[in-house]
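Beneath this line is the structure, given in structure tokens, with notes to follow.
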Amino acid sequence: MLTRNPYEPLRSETLPARLGNLPEMTGRLGSAEGWRVREVGDGNLNLVFIVESTIGSVVVKQALPYARVVGESWPMSLDRAFFEYHALTRLGARDPGRLPALHLFDEGQALQIMEHLSPHIILRRGLIAGTFYPALGEHLGRYLARTLFRGSDLSMDTARRKADVALFAGNVELCGITEDLFFTDPFWDCPRNRHTPALAAQVTVVRADRDLKLAALEMKARFCMCAQTLLHGDMHTGSVMVSDTDTRVIDAEFAAYGPMGFDVGSLLGNLWMAYFAQAGHRADDAGGDAYRSWILQLAETVWEVFVAEFSLLWRTERGGILGGRELFENQADPLGAELMLHGLLADIWSDALGFAGIEMHRRILGLAHIPEFETIAEEERRAACERRALAAGRELAVHRRAFLTIAQVSDLVAGIEARAR
Ligand code: SR1
Ligand code: MG
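Be aware that the sequence shown starts at 937, since it is given in my numbering, and climbs by one per residue.
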């Protein structure tokens, strides 16, 4: 049995011998002699292997005892695999079919054997390549509404909710990473940070910007103090896999209880960064306008579908601790419930914009950058794209309560891009 052995990181060469007696592997791939193994992890933390044979394929994901993006000088516990497993089962049940199927979780080896999504690719790569995904906005809007609603007090009873909050409160290491890397590091001269050298002047301005730093700490307070629902916790476009017709959400190891707007804003912020990166990806910007418009439309669809689905769940499924039907519907006052929904959606929206604005700073000025910008080889060109994203991010973070509709955000983003040309 795998679990009786002490933890040891897998290597492509050792994987068949170590996993070759597991029925979860042989049942899908046949005997280990015929397996082909590739390590494909390009995230910041874990090993990811694709294992294929002539009859099937699986993904094997294993946590490392350090942060891969930095190396062994940043030790980490293996606990994140445990939290990812528990998050995967919950999020998968709340929006069935939107996460990969889990075949086996081995806590001792910090290892998961999962469905190999094929022909899917990481959404970031598709956005860099300029690929259109017609159903993506609907899928992601519904996923966000279903998981955030069903993981909250609007759906869960007291006993389940308290047990879950206690369980995920243990994910301290990854929560701590988000607290520092997202909300604090980018706004001071933290040694972990890096930025495109041509942004030096901009960086000085950011770190002296009291209103922006205030917004960062206000959003940090929301993240730390508002245990509203079970979040994915790292809901960026590198945590989404896409094919022409399908969308899957992966990598939930940062799961924690937090404000609903965090997952929504992380995703929207990454879409707006993908928008600003477009000018860096095509020498003559051929087709750039059409693709940029599509990204703005995608962000709008995500939010609009989120609102529609969340409202539907509110009207048809609301129960749990915060159901409140005794006070409204059961007293022939459905308007009261609608007013409560309206207020909650307004709070999620302003939170989402605040988190989006901070995400747009930390991906440019902090430790963990994104391929949308990193793959723009020419420094001045990359810096120009990043400056626009920072300008939009500041507006969103500082003035998050002034944007009443997502169309206003699209106007902001498109206006910054147009003025730069
Ligand atoms: C040390 S981990 C850095 C980042 O990678 C993950 O994907 C999260 O976004 C985290 O902030
Ligand atoms: Mg990840």
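For glycine and all other residues, C-beta sits at the position ideal for the given N, C-alpha and C.
With DSSP run on the structure shown, which of helix, strand or coil describes residue i?
{"i": "M937", "result": "For M937, the predicted structure reports a pLDDT of 48, less than 50, and the residue's modelled location is therefore unreliable. The matter cannot be settled from this model."}
{"i": "D896", "result": "Nothing about residue 896 can be read from this structure; the chain reaches only from 937 to 1357."}
{"i": "G1033", "result": "coil"}
{"i": "P1307", "result": "helix"}
{"i": "D1042", "result": "strand"}
{"i": "S1266", "result": "A quick correction: the sequence has Asn, not Ser, at residue 1266. Residue state, collapsed to three classes: helix."}
{"i": "A1144", "result": "coil"}
{"i": "M1209", "result": "helix"}
{"i": "Q1164", "result": "coil"}
{"i": "A1023", "result": "helix"}
{"i": "F1085", "result": "helix"}
{"i": "F1339", "result": "coil"}
{"i": "L1203", "result": "helix"}
{"i": "A1071", "result": "coil"}
{"i": "G1174", "result": "coil"}
{"i": "A1188", "result": "coil"}
{"i": "D1003", "result": "According to the sequence displayed, residue 1003 carries Ala and not Asp. In the structure shown, A1003 sits in a strand (DSSP, three-state: E or B)."}
{"i": "R1218", "result": "coil"}
{"i": "R1261", "result": "coil"}
Considering only the beta carbon of each residue, do residue i and residue j sit closer than 8 Å?
{"i": "Q998", "j": "N980", "result": "no"}
{"i": "P952", "j": "V973", "result": "yes"}
{"i": "A1134", "j": "E1262", "result": "no"}
{"i": "A1037", "j": "A1017", "result": "no"}
{"i": "M1012", "j": "A1023", "result": "no"}
{"i": "P1122", "j": "R1298", "result": "yes"}
{"i": "S989", "j": "L965", "result": "yes"}
{"i": "R1060", "j": "G1174", "result": "yes"}
{"i": "I1284", "j": "V1200", "result": "yes"}
{"i": "I1306", "j": "G1216", "result": "no"}
{"i": "M1177", "j": "L1053", "result": "yes"}
{"i": "V1108", "j": "A1163", "result": "no"}
{"i": "E1322", "j": "T1165", "result": "no"}
{"i": "F1104", "j": "A968", "result": "no"}
{"i": "L1148", "j": "R1324", "result": "no"}
{"i": "I1257", "j": "R1097", "result": "yes"}
When the Cα of residue i is compared with those of the options, which residue comes out closest?
{"i": "P1055", "options": "E1353, A1136, R1016 and T1181", "result": "T1181"}
{"i": "G1194", "options": "A1222, A1003, D1125 and D1287", "result": "D1287"}
{"i": "L1303", "options": "C1126, V984 and P1070", "result": "C1126"}
{"i": "M1171", "options": "A1188, R1086 and K1156", "result": "A1188"}
{"i": "D1042", "options": "L1014, K1156 and H1052", "result": "L1014"}
{"i": "P1032", "options": "F985, W1010, A1081 and E988", "result": "A1081"}
{"i": "L958", "options": "S989, L1301 and L1040", "result": "L1040"}
{"i": "G1259", "options": "A1071, D1089, E975 and Y1227", "result": "D1089"}
{"i": "T1237", "options": "R1324, T1341 and A1356", "result": "T1341"}
{"i": "L1289", "options": "I1312, D1221, Y1227 and Q1344", "result": "Q1344"}
{"i": "A1137", "options": "L1035, A1213, A1320 and G1329", "result": "A1320"}
{"i": "V1006", "options": "N1129, E1331 and R964", "result": "N1129"}
{"i": "M1050", "options": "V1185, D1199, F1291 and L1271", "result": "V1185"}
{"i": "L1110", "options": "D1100, K1149, H1168 and H1131", "result": "H1168"}
{"i": "W1253", "options": "D1093, M961, F1068 and I986", "result": "A quick correction: the sequence has Glu, not Trp, at residue 1253. Closest option to E1253, Cα to Cα, is D1093."}
{"i": "F985", "options": "A1222, E944 and V996", "result": "V996"}
{"i": "W1208", "options": "V1108, L946, M1196 and W1239", "result": "W1239"}
{"i": "Y1211", "options": "A1105, G956, E944 and S1346", "result": "S1346"}
{"i": "G1112", "options": "Q1214, K1156 and G1028", "result": "K1156"}
{"i": "G1062", "options": "V1349, G1028, R1026 and S1179", "result": "S1179"}
{"i": "L1027", "options": "S1009, E960, R1143 and F1190", "result": "F1190"}
{"i": "V1141", "options": "A1327, A1222 and E975", "result": "A1327"}
{"i": "S1229", "options": "G1087, T1067, F1085 and R1143", "result": "T1067"}
Indicate, with yes or no, if the ligand ADP has a heavy atom lying under 7 Å from the CB of residue i.
{"i": "D1170", "result": "The ligand ADP is absent from the structure shown, which contains only the ligand SR1 and the ligand MG."}
Tell me the residue span of the beta strand (DSSP E) that contains residue i.
{"i": "W1010", "result": "G1007 to P1011"}
{"i": "S993", "result": "S993 to A999"}
{"i": "V973", "result": "R972 to E975"}
{"i": "A1192", "result": "A1192 to G1194"}
{"i": "F985", "result": "N982 to E988"}
{"i": "T1183", "result": "T1183 to V1185"}
{"i": "L1047", "result": "L1047 to E1051"}
Starting from residue i, trace the alpha helix (DSSP H) in both directions and tell me its first and last residue.
{"i": "I1064", "result": "L1059 to A1065"}
{"i": "E1331", "result": "E1315 to V1334"}
{"i": "V1241", "result": "G1224 to E1253"}
{"i": "Q1344", "result": "I1342 to R1355"}
{"i": "M961", "result": "P959 to L965"}
{"i": "R1128", "result": "That residue, R1128, is in no alpha helix (DSSP H); it is neither H nor E in DSSP."}
{"i": "E949", "result": "E949 -> no alpha helix (DSSP H), and no H or E assigned at all."}
{"i": "I1113", "result": "V1108 to F1119"}
Exercise for the section: Say whether the stretch 1067-1084 touches the stretch 1236-1249, bearing in mind that this needs 3 or more beta-carbon pairs closer than 8 Å, one atom from each stretch. Expected result: As far as the Cβ criterion goes, the stretch 1067-1084 touches the stretch 1236-1249, which means the pair count is three or higher.
Exercise for the section: Answer yes if the stretch 1269-1287 comes into contact with the stretch 1116-1124, meaning at least three C-beta pairs across the two stretches below 8 Å, and no otherwise. Expected result: In short, these stretches do not touch, since the Cβ pair count stays below three.
Practice task
Flag this pair as touching only if the stretch 1219-1234 and the stretch 1321-1335 have three or more C-beta atom pairs under 8 Å; answer yes or no.
Solution key: No, they do not touch.
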